[in-house]
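Sequential numbering of the sequence shown, starting at 735, is according to this note's numbering.
The structure appears right after this line, and notes come after that.
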Amino acid sequence: MVAVGRFLLCLHSHMPYVLSHGKSPHGTDWIFESAAECYLPLLGTLDRLLAEGVRPRWTVNITPILAEQLDDPSFQSGFEDYCREKIEAACEDLDRFQASGEDQMCGLAENWRRSFARNLDMFQKRWGRSICGGFREMAEADSVELVTSAATHGYLPLLATDESVRAQVRIGVESHARRFGTKPRGIWLPECAYRPRYDWKPPAGPDTPPATRAGVDEVLAENGIEYFFVDSHMIRGGEPLGTYWQSFPHLAELIARSKQLFVTPEEARSEYATYSTATGQRILVRDPVTTVKVWSGDAGYPGDEYYLEFHKQLYPGRLRYWRIGQDKANLGAKPPYEPWRAYDRLYGHSRDFVSLVRESLAKYRGATEKDGTVVAMYDTELFGHWWFEGPEFLYETAMEMARYDDLACVSGGDVVDRFPDDGAIHLPEGSWGEGGHHSVWLNADNHWTWEQLYPAQRKMLSLANIRGQAAKPYIAQCARELLLAEASDWQFLISTWSARDYAEVRFQDHIQRFEQLATIAERLAQGESPTAEDKRLLAECEQKDAAFANIDPTLWSKREVYL
735 MVAVGRFLLC LHSHMPYVLS HGKSPHGTDW IFESAAECYL PLLGTLDRLL
785 AEGVRPRWTV NITPILAEQL DDPSFQSGFE DYCREKIEAA CEDLDRFQAS
835 GEDQMCGLAE NWRRSFARNL DMFQKRWGRS ICGGFREMAE ADSVELVTSA
885 ATHGYLPLLA TDESVRAQVR IGVESHARRF GTKPRGIWLP ECAYRPRYDW
935 KPPAGPDTPP ATRAGVDEVL AENGIEYFFV DSHMIRGGEP LGTYWQSFPH
985 LAELIARSKQ LFVTPEEARS EYATYSTATG QRILVRDPVT TVKVWSGDAG
1035 YPGDEYYLEF HKQLYPGRLR YWRIGQDKAN LGAKPPYEPW RAYDRLYGHS
1085 RDFVSLVRES LAKYRGATEK DGTVVAMYDT ELFGHWWFEG PEFLYETAME
1135 MARYDDLACV SGGDVVDRFP DDGAIHLPEG SWGEGGHHSV WLNADNHWTW
1185 EQLYPAQRKM LSLANIRGQA AKPYIAQCAR ELLLAEASDW QFLISTWSAR
1235 DYAEVRFQDH IQRFEQLATI AERLAQGESP TAEDKRLLAE CEQKDAAFAN
1285 IDPTLWSKRE VYL
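Below you can see the structure in the form of structure tokens.
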């Protein structure tokens, strides 16, 4: 049978560092919600598929900073408490609905109670309180391939030093290998953001002469990474959109310089082909045709009127009892959720999606006489959180695809191993953000974060060369605080005004702690002894920001190649 082509699903799982460790609770519910609504249901979906003899070969990224939190004892106990609180909330809602004679709502409340009880039971008994362990089990069963990301999801093209980029990637690779037992072959670049080698200067702070910077692909090659993902515009060399560049001429100059490396090919490039970089990584390109059907709440499946409404919640328990309905904007007009209707819709949507994948591949084959690859890339948190029925959609889609012998479900590593690339290309600078470049992560609202971050990144270079034993734990904590400040989430939340105050406070907190600890480390390097206040601050920081316990500050030492 002639193959119609290949399907590659990549799920990107990420959460900034939000664990409270008994301090401020703000933000902690984000990771509990994602565990209950996304990660555990996804594991359950994979478990069911495995029982059916289906190994979908999905490519799953769990960012190192998310994995650090999922493995933290404070997450494990906190998540169990969260599930119990939700069970109690569902019982209280049930009593309320029974008192008012709302039989349909009673059934929904009971569904929530059972859902959280099942989550608690699966977390404790099936997965041994280890979500990461569950994904490792699925990887060892060949159901998924696990890939890594930068340590804290730092926005690599805009980091001020090659050492900061290398530390983000190296820690991401090493923490993945320790946790999952194998070195990652692929990486999810944060925000799918890439920058080639060229003479670069910082787009914030004083105007300085350009200096040659290593390309992101070079850093990946140093760490043995074989493939990464980009958005479709990155292979087509699209022009920047809007008037953003008028406000940031430094960055406009950088983009123009990087685009000089981009040569438009004689033959049009396609998302269904796979290309390679000059340093040997395979480039996997997101397909826009199928993406919009799953990602969009307006034009895609998640906006169906019978699916669960995300925005309307019943307080104080914040459980959801209503469906989207025909009037999407009017929360007051939402009709009650009808699960049986929602799940009836899922089967049709999964068949439609598979049909669209096959149609896209058939058109590509007809035009080129080549087998193509549809690369579908989504945030894992779409499935179950934003789109409640999403995990079941993935199950139905995998089962439907298993019916076709001419459609191969592949991981990124499968593509590298089994299929030749379509040639080496130069990638321009860009991301999968709005406009295709850096505007979400560098704009008038968050420009100030880079003005504070760049001096800290340069300071870390000198701290990494301090060898005094007394200063060592302070420098290690400086490295943690810098990594946490580099998370792309803070600029994103500031730009989109979602939890903006929280993001600003978190970023400034990490920068302030870095500066305080750096001052102490430099003082200790001169032979002084730490004061009681120094020790208190260090202990507080180590408790509050406890990720990457074995961090090695010498990763920030100046050298060309680390592997």
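Ideal placement from N, C-alpha and C gives every residue a C-beta, glycine not left out.
Check, Outcome
"Cα-Cα separation, residue 1171 to residue 825", "48 Å"
"Chain-order list of residues whose beta-carbon lies under 8 Å from that of residue 1012 (same chain, five-residue window excluded)", "951, 1158, 1160"
"Cβ distance (whole Å) where residue 742 is taken to contact residue 1018 below 8 Å", "7 Å"
"Collapsed DSSP secondary structure at residue 963 in the structure displayed", "strand"
"Contact between the stretch 1062 to 1075 and the stretch 832 to 845 (3+ Cβ pairs under 8 Å)", "yes"
"Beta bridge counterpart(s) of residue 1017 as assigned by DSSP", "962, 1009"
"Residues that DSSP places opposite residue 934 in a beta bridge", "945"
"Beta-carbon gap between residue 936 and residue 894 smaller than 7 Å", "yes"
"Proximity to residue 788 [Cα-Cα], best of 1205, 1196, 779", "779"
"Alpha carbon of residue 974 to alpha carbon of residue 1115, nearest angstrom", "Interpretation of residue 974 is limited by its pLDDT of 38, a score under 50 that renders its predicted location unreliable; the figure taken from the coordinates is listed afterwards. One C-alpha to the other measures close to 29 Å."
"Any 3 or more C-beta pairs closer than 8 Å across the stretch 1200 to 1209 and the stretch 905 to 918", "no"
"Separation of residue 1041 from residue 1057, as counted between CA atoms", "5 Å"
"Euclidean distance between Cα positions of residue 740 and residue 1081", "21 Å"
"Residue 1029: first and last residue of the uninterrupted alpha helix (DSSP H) it sits in", "1022 to 1029"
"Strand pairing of residue 928, partner residues [DSSP]", "1164"
"8 Å contact criterion, which residue 922 and residue 881 should meet: CB distance rounded", "6 Å"
"Contact set for residue 854: own chain, Cβ-Cβ below 8 Å, skip 5 residues either direction", "814, 817, 818, 821"
"Residue range of the unbroken beta strand (DSSP E) whose run includes residue 1107", "1107 to 1113"
"Same chain only: Cβ atoms within 7 Å of residue 934, ignoring 5 sequence neighbours per side", "944, 945, 947, 988"
"Given residue 1136 as reference, the closest of 1162, 783, 1060, 1184 once Cα atoms are compared", "783"
"Contact under 7 Å by Cβ, residue 886 with residue 1237", "no"
"Residue 1298, enclosing beta strand (DSSP E) - first and last residue", "Shown here, the chain extends from 735 to 1297; a query on residue 1298 therefore has no answer."
"DSSP three-state assignment for residue 882, whether helix, strand or coil", "strand"
"Bridge-paired residues (DSSP) for residue 747", "796"
"Proximal residues to residue 804 (C-beta, below 6 Å), its chain only, five neighbours per side dropped", "865, 866"
"Range covered by the beta strand (DSSP E) that runs through residue 1143", "1141 to 1143"
"Pair within 7 Å by beta-carbon distance, residue 930 and residue 966", "no"
"6 Å Cβ shell around residue 1289 - same chain, five flanking residues per side excluded", "901, 904"
"Nonlocal neighbours in the same chain, by C-beta distance under 6 Å from residue 1036, ignoring five residues either side", "1121"
"Coarse secondary structure for residue 978, derived from DSSP in three states", "Because the pLDDT of residue 978 is 37, which lies under 50, any placement of that residue in the model is unreliable, and the question is left without a value."
"Assigned secondary structure, residue 741 (DSSP; H/G/I helix, E/B strand, else coil)", "strand"
"Under the three-state DSSP convention, the category residue 1127 falls into", "helix"
"For residue 1216, the nearest candidate out of 765, 846, 899 (CA to CA)", "899"
"Beta-carbon proximity of residue 961 to residue 915, cut-off 7 Å", "no"
"Those residues which DSSP pairs with residue 922 across a bridge", "883"
"Backbone CA spacing between residue 955 and residue 1224 [nearest angstrom]", "28 Å"
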